[in-house]
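Colleague: In the order they appear, the protein sequences are chains V and P.
Quick note on numbering: the working numbering labels position 278 of the first sequence as 276, and the sequence is numbered without any gaps.
Whatever position you read off the second sequence (first residue = 1), add 106 for the working numbering.
For each residue, glycine too, the CB sits at the ideal point set by N, CA and C.
This structure is a prediction, so every number in the text was calculated from the model and none was measured.
I'd like to ask some things about the structure below.
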Amino acid sequence: MVNNLLIVKNVDKRYGDYTALSEVNISVPKGSIYGLLGPNGAGKTTLMRIINQITAPDSGEVIFDGVKLQKDHISYIGYMPEERGLYKKMKVGEQALYLAQLKGMPYKEAIEKLKFWFKKLDILSWWNKKVEELSKGMAQKIQFVVTVIHDPKLLIFDEPFSGFDPINASIIRKEILELRDSGKTIIFSTHRMESVEEICDHIGLINKSKTIFEGPIEEIKKQFTNNTFDLEVKEKDLKQNNLFESVDYNKHHQIKLKENVDLKEVLHFINKNHEVISFKKNIPSMEEIFIKVVEDA
Amino acid sequence: MLKIWLIIQREFLVRVKKKSFIVMTILGPILIAALMIVPIYLAKESQEKRLIAVNYQNKFILEDTEMLHFSQIPDLEAENLSKDFNNSEYYALLYIIENTFTLYSNQQISLNVSNEIERQIEQILEIINLKEAGINPLIIESAKSEITIITKIVDEKGNSINSNSEASMGIGFMAGLLIYMFIFMYGTMVMRGVIEEKTSRIVEVIISSVKPFQLMMGKILGVAFVGLTQFLLWIILTLVISTVAELWFLDSTVNSAMSSSNQSIVLAKVASLTGGINLTQIFFSFIFYFLSGYLMYSSLFAAVGSAVDAEADTQQFILPVTIPLILSFILIQPIIDNPEGALAFWMSMIPFTSPIIMMVRLPFGVPSWEIYLSMLILIGTFITTTWIAGRIYRTGILMYGKKASYKELWKWIKY
């Protein structure tokens, strides 16, 4: 239990007749990157708002670092919401300073930290520019800085890569991984499954206001693996046998082992009868899992 | 507490540093000073005497005035002048034939001039008529009399004080107008600020650090300080500019000793005029109604701002907020005419109109219990509206791309 920085227990949230969250449970291990997945309207943003104490749950509880979530935890959490922006007429530096101070940082420390991050992301020259002079991607870099500026234990990013060009997205991805390596815990919500596979250790999937599953990404993938393999051979057809069933895609075959058949036996059989070009276990991508789960529900 | 202070600071500084604030702060007093100075300046300029020719008539000898100088000319010259007025040195020609009086000029004759001439001729004719009727004009003169009515208010302790309804009217009107202007200008400023935060999408970033209610109150108080600063600067600048301008324009012509004696007369007059009015009470009540009226209305304006996505959408919600405000402004005149009436009483109890209406009534004297009751109701209402506005606000600011209805606002209050 101590290894979980954040535990959400049986959380319910209703807006009038509309149920945003129902019996939601997630546990976010310390030092992990936790991918919070789910289709639009599943309740991800509501959950993140509850963790940030923007709204309160109707029932259930949130445990942060071993204790019940409370007001001064705000300064240990950094949140980059999906709907994010900055005051357009304000200067970049002034604004970052204001937001840092709102998080509870003293003035001097805030200035030092800001200069450090601005240098790191090579944006120090923007300090005196007004936000309206910046492009959307530039403004997002500043939002990233103000999210991490107060050195929070838990970082929550809602769709962090939307609005970034590939170069800036990879810079931010690198920074997120670096933060994880320095011991931070990161919750990360996205629709983009390829970025989930790239950086997440853990995932939780919410659909229709309920948690569907959660756990380490490998385990979940194993759960959805169904003993199928991709096989490519020189010959046109596979020799008939009683070890596996196969579907043909020209020279490319997908085979499914029959019950109680040993993989070694299969390999031996194939090697004997065919010239193998490639043989690979079929592991579903997160995208396939996501679509399967959401459609089945 | 520290965080709300940070918000107040930001809201204040951002607005005070704006060009429009600086321009308005400087322009305001210049406009006010211009309103005061220009008439004086214009009056001074037209002090040059106008020359008016009159054809010789021993019956009608007109007296020179401050603005007019009459010079008599022979009939023949007058006859010519009436046909060709161009190139003449005169401002106008008064041509008298028998009992018809005609003014000729090459320009539009000022109303002052023709009125003055009419008055003098009427007076001369009156004296002639009286003489013809065998009445000595001196008798009529001595029969005329002039009185001034002194009005006194008898207070609860039986002391009587001089009262003056003109001064009461002036003070009441000014106080009401100021509150109206302040609420309208700075209330809508709060609303625009909320909309700006919503459209720029910064609001969720901020309320992950502070409570929505803190953000709302911080904004309301920050804008209040902006307003107070602007008013203070206006007063100071107006005094400076009008003093400088007065010295600049009037020093050469007006004897300074005279103007200072004038001032002391004016001051003495003001003191005697306001004798029946409890100025301390008015001052403190003004501050009270000014602040609580603003707090009540600006929280409502903030709620309206939170419920919409763009300023253009505010129409449907803004009307119920502004109607009582505009109504109380319209009612200022009827209330001045009858400050004790039922309308005046109820309007100074209803919290949405009381800040303005009670200030209009106060200089005329209002029983203490009415003032306290009205203040109590206002305090209660402003706490309630701020609470309701806070609930609408905290939900509204997180709703994007959705046009709220009244039904939805009601739901937000209940969440």
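1) Restricting to Cα atoms, I'd like to know which of K270(V), E233(V), I52(V) is closest to I312(P).
2) At a Cβ threshold of 8 Å, is I52(V) touching chain P?
3) Check the DSSP bridge columns for G228(V) and list the partner residues they point to.
4) Look at F319(P) and L431(P) and say whether their C-beta atoms are less than 8 Å apart.
5) Can you give the Cα-Cα distance for V90(V) and L153(V), rounded to whole angstroms?
6) Taking 8 Å as the cut-off, does the region 415 to 424 of chain P touch the region 436 to 447 of chain P (at least 3 CB pairs, one atom from each stretch)?
7) Checking contacts by CB at 8 Å: is M(-1)(V) closer than that to chain P?
8) Could you please give the first and the last residue of the uninterrupted alpha helix (DSSP H) stretch that includes H200(V)?
9) Where does D298(V) land, buried or exposed, given buried means 16+ other C-beta within 10 angstroms?
10) Could you pull the DSSP bridge partners for P214(V) from this structure?
11) Among all the DSSP beta bridges, which residues are the ones paired with S244(V)?
12) Go ahead and pull the three-state DSSP assignment for A363(P).
13) Between the region 291 to 307 of chain P and the region 477 to 490 of chain P, do at least 3 Cβ pairs fall closer than 8 Å?
14) Check the C-beta distance from A408(P) over to A495(P) and give it rounded, since I have them as a contact under 8 Å.
15) Taking only the alpha-carbon atoms, compute the straight-line gap between R500(P) and L97(V) and give it to the nearest angstrom.
16) Would the region 132 to 145 of chain P and the region 122 to 130 of chain V be scored as touching if the rule is three or more Cβ pairs under 8 Å?
17) Please report the distance separating the alpha-carbon of S187(V) from that of S160(V).
18) Please decide whether Q99(V) counts as near chain P, where near means a Cβ-Cβ distance under 8 Å.
19) Taking N161(P) and Y201(P) to be in contact with their CB atoms under 8 Å, please state how far apart those CB atoms are, rounded to whole angstroms.
20) Suppose only complete runs of 3+ residues qualify. What are the beta strand (DSSP E) ranges in the region 262 to 313 of chain P, listed by chain order?
21) Measure the C-alpha to C-alpha separation of N240(V) and K256(V) and round it to an integer number of angstroms.
22) Can you give me the C-alpha to C-alpha distance between G324(P) and L334(P), rounded to a whole angstrom?
23) Sorted by chain position, which residues of the same chain lie with C-beta nearer than 7 Å to F488(P)'s C-beta, five sequence neighbours on each side aside?
24) Quick check: G278(P) and V472(P), are their CB atoms within less than 8 Å of each other?
25) By a C-beta neighbour count over all protein chains shown, 10 Å radius and 16 as the cutoff for buried, is N258(V) buried or exposed?
26) List, in order along the chain, the chain P residues whose C-beta lies closer than 8 Å to that of I281(V)?
27) Our contact map puts P461(P) next to I383(P) with C-beta atoms below 8 Å; I'd like the distance itself, whole angstroms only.
28) Helix, strand or coil: how does DSSP classify L236(V) here?
29) So, using beta-carbon positions, are D415(P) and T305(P) closer together than 8 Å?
30) Can you find the residues in the same chain that come closer than 6 Å, C-beta to C-beta, to A363(P), ignoring five residues on each side of it along the sequence?
31) Measure the alpha-carbon distance for D59(P) versus R156(P) and round it to whole angstroms.
32) Rounded to whole angstroms, how far is the Cβ of S35(V) from the Cβ of I201(V), which I believe are closer than 8 Å?
33) Are the region 50 to 70 of chain V and the region -1 to 14 of chain V touching, with three or more C-beta to C-beta distances below 8 Å?
34) Cβ of R497(P) less than 8 Å from any chain V Cβ?
35) Can you give me the Cβ contacts of G299(P) inside the same chain, cut-off strictly under 6 Å, excluding the 5 residues immediately before and after it?
36) Quick check on DSSP: helix, strand or coil for Y506(P)?
Modeller: Let me lay it out:
1) I52(V)
2) yes
3) The question names Gly, but residue 228(V) is Asp in the sequence shown. Its beta-bridge partners are Q252(V), K278(V).
4) no
5) 22 Å
6) no
7) Residue confidence is low: M(-1)(V) scores 45 on pLDDT, short of 50, so the model does not pin down where it sits. Its coordinate-derived value is still stated next. Output row for M(-1)(V): interface = no.
8) Careful: H200(V) lies outside any alpha helix (DSSP H), inside the beta strand (DSSP E) at 200 to 205.
9) Residue 298(V) is absent from the model: chain V starts at -1 and stops at 295.
10) H200(V)
11) Paired residues: I253(V).
12) Low confidence applies here, because A363(P) scores a pLDDT of 43, under 50, leaving its location unreliable and the question unanswered by this model.
13) no
14) Right, their Cβ atoms sit about 6 Å apart.
15) 19 Å
16) no
17) 11 Å
18) yes
19) 6 Å
20) 266 to 268
21) 8 Å
22) Cα to Cα, G324(P) sits roughly 15 Å from L334(P).
23) These residues qualify, in order along the chain: S398, L401, M402.
24) Cβ distance not < 8 Å, so G278(P) and V472(P) don't count as in contact.
25) Answer is exposed; the Cβ neighbour count stays below 16.
26) Within 8 Å Cβ-Cβ: nothing; I281(V) doesn't reach chain P, min ~37 Å.
27) Actually they do not touch by this definition, with Cβ atoms about 19 Å apart.
28) Reduced to three states, the DSSP call for L236(V) is coil.
29) yes
30) Note that A363(P) scores a pLDDT of 43, beneath 50, so its modelled location is shaky; the value from the coordinates is reported in the next line. Result list for A363(P): empty, nothing under 6 Å.
31) Since the first and last residues shown for chain P are 107 and 521, residue 59(P) lies out of range.
32) According to the sequence provided, residue 35(V) is Leu. The question's Ser does not apply to it. Yes, they are in contact, since the Cβ atoms of L35(V) and I201(V) sit about 6 Å apart, within 8 Å.
33) yes
34) For R497(P), the answer is no, since every Cβ of chain V falls outside 8 Å of its Cβ.
35) The beta carbon of G299(P) sits closer than 6 Å to the beta carbons of K325 from its chain, once the five residues preceding and following it are set aside; these are given in chain order.
36) coil
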